Amino acid sequence: MRARVIYNPTSGKELLKRHLPDILMILEEAGYEASAYATTPEPNSAETEARRAAIDGFDLVVAAGGDGTINQVINGIAPLEKRPRVGIIPGGTTNDYARALKIPRNDVLEAARVMLKKQTLKIDVGQADDHYFINIGAGGYLTELTYEVPSQLKSIFGYLAYIVKGAEMLPRVKPINMRLEYDDGVYEGEASMFFVGLTNSVGGFETIVPDAQLDDGKFSLIIVKTANLVEILRLIVKLLNGGKHVNDAGIIYTKTSELNVAPMDEDVRLMMNLDGEYGGDAPMRFKALPQHIEFYVNLDEMSEDSYAGDNEMKEVSDAFVKEMEVLTQEDLNEDGKIS
């Protein structure tokens, strides 16, 4: 069996590059003849190499880097009829997909050793027109936070970057008239955002989609109908308090295998976010591809709820809520408008 490691040499403070010989040795121990490819500044270099390796008959492609590297690898192999297994060695900021699969996020060698356990799972993949994603697809003003956090800032400050930018952007949130057609109905009206999720980990938080399943062929669809800042802050607090936002009247929360999205106003641009990166403009059709790719996972840990014991995320949650409370007291009128 052959394995190809596709790694970002600048990711994770260059830890992946430093530990590459050890990673290759672990894969050899797992029964693979292993080799490596370093991504380049050229657009979609990881995607191109993943497709080449799959067509060349490699049995395993290991995505070593941040969520962007993983997304590119998936886009390289998802359209193919014969797809290799995928392993993940996280080296980014949020590492949402590694978190969902319970792969160690702070030790690249421990992440590689997950593949020694030979535990795999066939997992759903999302398709948005001609693009593929493995975690979320989203649209609306609330999703633009991801674009506005500079990559260098994310690397240095991690989740803190999102907190600072989130506190700055929330007052600017406004609704967009959308038409969202899903399995059980149609929503036409104002919304500050929607998203379809495939895992329970979004932006490092595991309570946004509390009941997500990786292999049921369904997206978890959330539509945030309100753009009132006070109401959004209330939803955030509910989210951080055990995922109680899903029962709120300001939210539509359902499961769907497909979603068609379009803006209702011709002069409004509705940008799509796929796994944290810009993925084109609506109208767009989302489709869940059931059990499309086989991943190495840490099955022994996947049933555990890691949010409650994640002190790093607890600190981030508390800091975000405090920042929002200050913003609410200083900058808002009673109707939720900026004063």
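For the sequence shown, the residue numbers in our numbering are 125 to 463. Glycine included, C-beta positions come from ideal geometry on N, C-alpha and C. These figures come from a predicted structure and were not determined experimentally.
Task: Inter-residue spacing [alpha-carbon to alpha-carbon] between Pro145 and Ile376 - done: Against the sequence shown, residue 145 aligns to sequence position 21. Against the sequence shown, residue 376 aligns to sequence position 252. Straight-line measurement puts the Cα of Ile376 at about 48 Å from the Cα of Pro145.
Task: First through last residue of the beta strand (DSSP E) which encompasses Asn384 - done: Taking the sequence shown and counting its residues from 1, the one referred to as residue 384 is at position 260. Asn384 -> beta strand (DSSP E) spans Glu382 to Pro387.
Open item on the list: Within 8 Å, do at least three Cβ pairs link the region 380-388 to the region 231-247?
Closed with: No, the region 231-247 is not in contact with the region 380-388.
Open item on the list: Contact between the region 246-258 and the region 160-179 is defined here as three or more beta-carbon pairs at a separation below 8 Å; is this criterion met?
Closed with: By the Cβ rule, the region 246-258 does not count as touching the region 160-179, because fewer than three pairs are nearer than 8 Å.
TODO: Might you give, ordered along the chain, the residues of its own chain that have their beta carbon closer than 7 Å to the beta carbon of Asp253, omitting 5 neighbours on each side?
DONE: Sequence index remark: in the sequence shown, residue 253 carries index 129 (1-based). For Asp253, where only same-chain residues beyond five positions count, the Cβ hits under 7 Å are Gly404, Met408 and Arg409.
Task: Distance between Asp307 and Asn301 (C-alpha atoms, nearest Å) - done: Against the sequence shown, residue 301 aligns to sequence position 177. Against the sequence shown, residue 307 aligns to sequence position 183. Rounded to whole angstroms, Asn301 to Asp307 spans 20 Å at the Cα level.
TODO: Return the chain-ordered list of same chain residues with a C-beta closer than 8 Å to the C-beta of Leu233, the five sequence neighbours on each side being excluded.
DONE: In the sequence shown, the residue the question calls residue 233 occupies position 109. Answer for Leu233: His143, Asp146, Ile147 and Ile150, listed in chain order.
Task: Whole-angstrom distance between Tyr402 and Asn324, CA atom to CA atom - done: Taking the first residue of the sequence shown as position 1, residue 324 is located at position 200. Taking the first residue of the sequence shown as position 1, residue 402 is located at position 278. Going by the C-alpha atoms only, they are around 21 Å apart.
Open item on the list: Closer than 8 Å is the cut-off here; do at least three beta carbon pairs connect the region 185-192 with the region 126-134?
Closed with: yes
Task: Stretch pair the region 384-397 + the region 212-227: three plus CB contacts closer than 8 Å - done: no
Task: DSSP bridge partner residues for Arg142 (one or two, in chain order) - done: For this step, residue 142 is matched to residue 18 along the sequence shown. Answer is none; Arg142 lacks a bridge partner.
TODO: Report yes if the C-beta distance between Gly200 and Thr172 is below 8 Å; otherwise report no.
DONE: Counting from one through the sequence shown, the residue named residue 200 turns up at place 76. Counting from one through the sequence shown, the residue named residue 172 turns up at place 48. Yes, the Cβ-Cβ distance between Gly200 and Thr172 is below 8 Å.
- [ ] Using the Cα positions of Gly261 and Gly313, report the straight-line distance between them to the nearest angstrom.
- [x] Here residue 261 refers to the residue found at position 137 of the sequence shown. Here residue 313 refers to the residue found at position 189 of the sequence shown. So the alpha carbons of these two residues sit roughly 19 Å apart.
TODO: Could you tell me which of Gly374, Lys298, Met395 and Ala235 sits nearest to Leu140, measuring between CA atoms?
DONE: One-based indexing of the sequence shown puts residue 140 at position 16. For the set Gly374, Lys298, Met395 and Ala235, the Cα lying nearest the Cα of Leu140 is the one of Ala235.
TODO: Have a look at the DSSP bridge pairing and note the partners of Val185.
DONE: Your numbering for residue 185 matches position 61 in the sequence shown. Note: Val185 sits in a beta bridge opposite Arg128 and Val210.
- [ ] List the residues that DSSP assigns as beta-bridge partners of Thr244.
- [x] Translated into positions along the sequence shown, residue 244 becomes position 120. Answer is Tyr420, bridged to Thr244.
Task: Alpha-carbon to alpha-carbon, Ala177 and Ala160 - done: Reading the sequence shown from its first residue, position 36 is the one you call residue 160. Reading the sequence shown from its first residue, position 53 is the one you call residue 177. About 11 Å.
TODO: Answer with buried or exposed for Lys342, where buried requires no fewer than 16 other C-beta atoms within 10 angstroms of its C-beta.
DONE: Reading the sequence shown from its first residue, position 218 is the one you call residue 342. It counts as buried.
Open item on the list: Let's see if you can read the secondary structure: which residues bound the beta strand (DSSP E) around Asn301?
Closed with: Position 177 of the sequence shown, counted from the start, is the residue given in the question as residue 301. Residues Ile300 to Tyr306.
- [ ] With DSSP as the reference, label Asp253 as helix, strand or coil.
- [x] Position 129 of the sequence shown, counted from the first residue, corresponds to residue 253. DSSP places Asp253 in coil when its eight states are reduced to three.
- [ ] Would you decide whether Val310 is buried or exposed? Buried here means 16 or more other CB atoms lie within 10 Å of its CB.
- [x] Taking the first residue of the sequence shown as position 1, residue 310 is located at position 186. Exposed.
TODO: Could you check what DSSP says for Gln337 in three-state terms: helix, strand or coil?
DONE: Stepping through the sequence shown from its first residue, residue 337 is reached at position 213. Note: Gln337 maps to coil in three-state DSSP.
Open item on the list: Nearest by alpha-carbon distance to Arg237: which of Lys298, Ile213 and Arg175 is it?
Closed with: As a working note, residue 237 is residue 113 in the sequence shown. It is Ile213 whose Cα lies nearest to the Cα of Arg237.
Task: Close-in-space but distant-in-sequence residues of the same chain around Lys411 (CB under 6 Å, 5 per side omitted) - done: One-based indexing of the sequence shown puts residue 411 at position 287. Gln251 and Glu382, listed in sequence order.
Open item on the list: So if DSSP puts Lys342 in a beta bridge, which residue, or which two residues, is it bridged to?
Closed with: Counting from 1 along the sequence shown, the entry for residue 342 is found at position 218. Answer is none; Lys342 lacks a bridge partner.
TODO: With Ala315 as the anchor, note down where its beta strand (DSSP E) starts and where it stops.
DONE: Here residue 315 refers to the residue found at position 191 of the sequence shown. Residues Gly309 to Ala315.
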